[in-house]
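Below is one structure; the comments refer to it alone.
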Amino acid sequence: MAKINIQCPLCAKKGTINIEDNIVLKSSRGITAVNIEELSICQHSFVAYIDKNLSVRDCFIADFTIELPQITVEQQQPEEVFIPTESMINTYLLTLNFHAQFFANVIRCCLFNAKFVIINDLDLLDRHLVNLFEFAFQGTFNVKFLVIPHAEFRENKKLFNNYIVLDGEKAFNDKNKILKQKNLKIESKIIQDFFNENDSKTGLIVLKNEILKIYLLTNETLDFIETMEKGAPLDASKLNVYLSQIHNAKISPSYIDFLVEVVRHYYDIKIIDAADFFKGI
Numbered sequence: 326m327a328k329i330n331i332q333c334p335l336c337a338k339k340g341t342i343n344i345e346d347n348i349v350l351k352s353s354r355g356i357t358a359v360n361i362e363e364l365s366i367c368q369h370s371f372v373a374y375i376d377k378n379l380s381v382r383d384c385f386i387a388d389f390t391i392e393l394p395q396i397t398v399e400q401q402q403p404e405e406v407f408i409p410t411e412s413m414i415n416t417y418l419l420t421l422n423f424h425a426q427f428f429a430n431v432i433r434c435c436l437f438n439a440k441f442v443i444i445n446d447l448d449l450l451d452r453h454l455v456n457l458f459e460f461a462f463q464g465t466f467n468v469k470f471l472v473i474p475h476a477e478f479r480e481n482k483k484l485f486n487n488y489i490v491l492d493g494e495k496a497f498n499d500k501n502k503i504l505k506q507k508n509l510k511i512e513s514k515i516i517q518d519f520f521n522e523n524d525s526k527t528g529l530i531v532l533k534n535e536i537l538k539i540y541l542l543t544n545e546t547l548d549f550i551e552t553m554e555k556g557a558p559l560d561a562s563k564l565n566v567y568l569s570q571i572h573n574a575k576i577s578p579s580y581i582d583f584l585v586e587v588v589r590h591y592y593d594i595k596i597i598d599a600a601d602f603f604k605g606i
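Under my numbering, the first residue of the sequence shown is numbered 326, with each subsequent residue one higher.
This is how it looks when you write it as structure tokens:
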């Protein structure tokens, strides 16, 4: 049993937790996610990521009440899905060098069809980053981004005036405020589940499946919108019933809200919201 010092990423209060050290050492990913519940350290809940040296690599605000829809998507059988090798996507290196917030930001940018650039000085990571997101989004949303070192960015800064700049867990030039942390609940939950898988291949499948679900549900949301009268407001409660009946599964209002925002931004569609369905979420 190891005692680890933890600091809340929101209020900065410090405390300690006890963790079975063999759980961390057995992780093939090199990083283990530990859920810190409310009142364990402070009033906030968050996730701490512990490496094999029992050092805290990252702390990530998470909403443990968020539920991703449990729907079945048509896809190849697991044995038919090509899972990239470690030489193509080294999740250990990626999670060791990039924080969970970074991955959530990238997913948000991709889903919102935002132009963005990633600043990274470690050349050996570039290929792994590109391969990770190409694999996760393969056959769904288009993914386009640049990975450049700090020096190149400084020399050509004016060329990126219309780009969101992701530098580690920090985001700059987010003119439309799409990366506000409080709005990234779904993306954060997806990354939390990705990190929670000790087996790297399973983690990749989890990530890919969640993106596939979003793609399927956003296309069905588009189908629903096309049945509406032109200029009519979107009744999110009816959309929820529509999607839930298709998949015979519960879909939370917050996830419906998320889907509408993805459709609005990725497909550049003007959507008028019906009043007050999302109040209190």
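For glycine and all other residues, C-beta sits at the position ideal for the given N, C-alpha and C.
Proximal residues to residue i (C-beta, below 6 Å), its chain only, five neighbours per side dropped
{"i": "V587", "result": "L436 and T543"}
{"i": "D492", "result": "I444"}
{"i": "K339", "result": "Q332"}
{"i": "F458", "result": "V468"}
{"i": "Y592", "result": "none"}
Residue i, enclosing alpha helix (DSSP H) - first and last residue
{"i": "Y567", "result": "A561 to H572"}
{"i": "F385", "result": "Per DSSP, F385 belongs to no alpha helix (DSSP H); it is in the beta strand (DSSP E), V381 to I386."}
{"i": "T397", "result": "That residue, T397, is in no alpha helix (DSSP H); it is neither H nor E in DSSP."}
{"i": "N415", "result": "Segment: none, N415 is in no alpha helix (DSSP H) and carries neither H nor E."}
{"i": "E522", "result": "No alpha helix (DSSP H) holds E522; DSSP gives it neither H nor E."}
{"i": "I432", "result": "A425 to L436"}
Per DSSP, cross-strand counterpart(s) of residue i
{"i": "L471", "result": "V442"}
{"i": "G618", "result": "Residue 618 cannot be examined here, being either before or after the span of the chain that is shown, 326 to 606."}
{"i": "A376", "result": "Note on identity: in this sequence residue 376 is Asp, with Ala being the wrong assignment. Note: D376 sits in a beta bridge opposite I356."}
{"i": "F497", "result": "V490"}
{"i": "D598", "result": "L559"}
{"i": "P371", "result": "For the sequence presented, residue 371 should be read as Phe rather than Pro. Answer is I361 and I386, bridged to F371."}
Where residue i sits in the DSSP three-state scheme
{"i": "D492", "result": "strand"}
{"i": "I361", "result": "strand"}
{"i": "F458", "result": "helix"}
{"i": "D593", "result": "coil"}
{"i": "S407", "result": "Correcting the residue type first, residue 407 is Phe in the shown sequence and not Ser. Correct three-state label for F407: coil."}
{"i": "F485", "result": "helix"}
{"i": "F466", "result": "coil"}
{"i": "F389", "result": "coil"}
{"i": "E510", "result": "With the sequence shown as reference, residue 510 is identified as Lys, and Glu is not the correct amino acid for it. Helix."}
Buried or exposed by the 16-neighbour rule on C-beta atoms within 10 Å, applied to residue i
{"i": "H556", "result": "Checking the sequence, you will find Gly at residue 556 rather than His. Burial call: exposed."}
{"i": "N343", "result": "exposed"}
{"i": "N430", "result": "buried"}
{"i": "A327", "result": "exposed"}
{"i": "L559", "result": "buried"}
{"i": "K507", "result": "exposed"}
{"i": "V398", "result": "exposed"}
{"i": "E522", "result": "buried"}
{"i": "L449", "result": "exposed"}
{"i": "G464", "result": "exposed"}
{"i": "N486", "result": "exposed"}
{"i": "S380", "result": "exposed"}
{"i": "Q426", "result": "buried"}
{"i": "N481", "result": "exposed"}
Same chain only: Cβ atoms within 8 Å of residue i, ignoring 5 sequence neighbours per side
{"i": "A387", "result": "N360, S370, F371, V372, S513, K514 and Q517"}
{"i": "L504", "result": "N430, R433, C434, I489 and A496"}
Cβ shell of residue i (< 7 Å), same chain only, five flanking positions each side left out
{"i": "Y567", "result": "F549"}
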